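Engineer:
Residue numbers (UniProt numbering): 1 to 297.
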């Protein structure tokens with residue numbers, strides 16, 4: 001079997017059966033391409049790849065300055081590739097199956113205090129159409145816990161404001177319904193009624209909620225720059241990005257006593273383990289435990 005044939009079929013499998021996004025598919029294929037390049041250098045065919053070869057490849061990769069997370073993702077990609085070959089071509093075994101990924105430390109995400117979110121939103125100049133758009137955008141970003149890609153891809157046809165829900169398309173083109181609060185609904189209705197009709201509209205983009213001044217959907221980079229400028233304006237020095245609002249959304253829900261499964265559904269996490277990180281950042285609760293139970297408090 002040739003590498004090119006296997007990669008072509010693997011790509012089709014990821015597209016049609018796994019329904020992954022183009023970015024995820026590119027990442028998987030890039031993992032396989034790295035192994036292919038290594039094997040080509042050593043004149044090893046695809047059918048000759050065994051566990052020892054994969055181990056040697058991982059040792060080789062480890063000499064490069066890549067993080068444990070990247071190494072773990074690479075190994076996961078190879079396991080998926082060889083698992084596909086087992087299913088599609090009846091390979092006897094997966095040569096990467098028993099290899100262990102490097103241990104990964106779980107970083108606690110940075111979150112914003114409610115007063116910091118209020119300060120950021122209040123710093124927006126509402127005398128301009130762009131200001132009203134930006135305020136609406138941040139209210140939706142924080143109020144629904146969206147990924148930035150979900151925010152810029154939000155469609156008018158997926159707004160169900162009368163029943164206080166929106167529908168978004170997340171990773172792997174998976175759709176989910178998310179409740180939307182009255183504050184975000186209020187500014188969405190103002191923006192859609194009074195501001196968006198004043199903006200130019202490029203053909204093909206009529207259903208997108210958030211447009212730039214040229215009538216095309218906002219880019220992820222533009223959202224990042226808008227937030228960075230607001231942080232600079234109020235003197236906020238902590239690291240901040242669109243994803244910080246998503247972290248803050250989840251953290252504030254958990255702190256308020258929300259069910260973790262409900263938060264998982266709203267965030268679109270496949271595993272509850274990913275959502276559990278937010279149980280570790282309720283500082284007020286942890287402080288109260290220390291105060292109440294530690295003998296030196």
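Positions of the beta carbon are idealized from the N, C-alpha and C atoms, including for glycine. This structure is a prediction, so every number in the text was calculated from the model and none was measured.
Taking 8 Å as the cut-off, does the region 4-11 touch the region 51-69 (at least 3 CB pairs, one atom from each stretch)?
Structural biologist: In short, these stretches do not touch, since the Cβ pair count stays below three.
Engineer: Decide if the region 16-31 is in contact with the region 165-172; the criterion is three or more beta carbon pairs, one per stretch, under 8 Å apart.
Structural biologist: Yes: the two stretches touch, three or more of their Cβ pairs being nearer than 8 Å.
Engineer: Where does residue 251 land, buried or exposed, given buried means 16+ other C-beta within 10 angstroms?
Structural biologist: The sequence position of residue 251 within the chain shown is 251, counting from 1. So residue 251 ends up on the buried side.
Engineer: Taking the beta carbon of residue 137 as the centre, do at least 16 other beta carbons fall within 10 Å, making it buried, or is it exposed?
Structural biologist: Here residue 137 refers to the residue found at position 137 of the chain shown. It is buried - the Cβ of residue 137 has at least 16 other Cβ atoms within 10 Å.
Engineer: Do you know how far the Cα of residue 140 is from the Cα of residue 185?
Structural biologist: Numbered from its first residue, the chain shown carries residue 185 at position 185. Numbered from its first residue, the chain shown carries residue 140 at position 140. Residue 185 and residue 140: Cα-Cα distance of roughly 8 Å.
Engineer: Which residues in the same chain have their Cβ closer than 7 Å to the Cβ of residue 234, if we skip the five residues on either side of it in sequence?
Structural biologist: On the chain shown, position 234 is the one that residue 234 refers to. So the qualifying residues of the chain are 119, 120, 123.
Engineer: Which residue wins for smallest C-alpha separation from residue 90, given the options 206, 82, 232?
Structural biologist: Taking the first residue of the chain shown as 1, we reach residue 90 at position 90. The shortest C-alpha separation from residue 90 is found at 82.
Engineer: Judging by CA-CA distance, which residue of 143, 238, 95 is the nearest neighbour of residue 58?
Structural biologist: As a first step, residue 58 must be located in the chain shown, where it is residue number 58. Ranking the options by Cα distance to residue 58, first place goes to 95.
Engineer: Per DSSP, residue 178 is paired with what?
Structural biologist: If you number the chain shown from 1, residue 178 lands on position 178. Note: residue 178 sits in a beta bridge opposite 166.
Engineer: Tell me the rounded alpha-carbon separation between residue 45 and residue 32.
Structural biologist: On the chain shown, position 45 is the one that residue 45 refers to. On the chain shown, position 32 is the one that residue 32 refers to. Those two C-alpha atoms are separated by around 13 Å.
Engineer: What residues in its chain sit with their C-beta under 7 Å from that of residue 152, if we drop five residues either side in the sequence?
Structural biologist: The residue you call residue 152 lines up with position 152 of the chain shown. Cβ neighbours of residue 152 beyond the five flanking positions: 210, 217, 218, 219, 220, 223.
Engineer: May I have the straight-line CA-CA distance separating residue 242 from residue 41, to the nearest angstrom?
Structural biologist: Along the chain shown, read from residue 1 onward, the residue named residue 242 stands at position 242. Along the chain shown, read from residue 1 onward, the residue named residue 41 stands at position 41. Taking the straight line from one Cα to the other gives about 42 Å.
Engineer: Just tell me which of 77, 257, 72, 237 has its CA closest to the CA of residue 14.
Structural biologist: Here residue 14 is taken as the residue at index 14 of the chain shown, counted from 1. Minimum Cα distance to residue 14 is reached at 77.
Engineer: Is the CB of residue 4 under 9 Å away from at least one CB in chain C?
Structural biologist: Of the protein chains in this structure there is only one, and it is not chain C.
Engineer: Report the rounded CA-to-CA distance for residue 257 versus residue 88, giving the unit in angstroms.
Structural biologist: Locating residue 257 in the chain shown gives position 257, counting from the first residue. Locating residue 88 in the chain shown gives position 88, counting from the first residue. Distance between the alpha carbons of residue 257 and residue 88: 46 Å.
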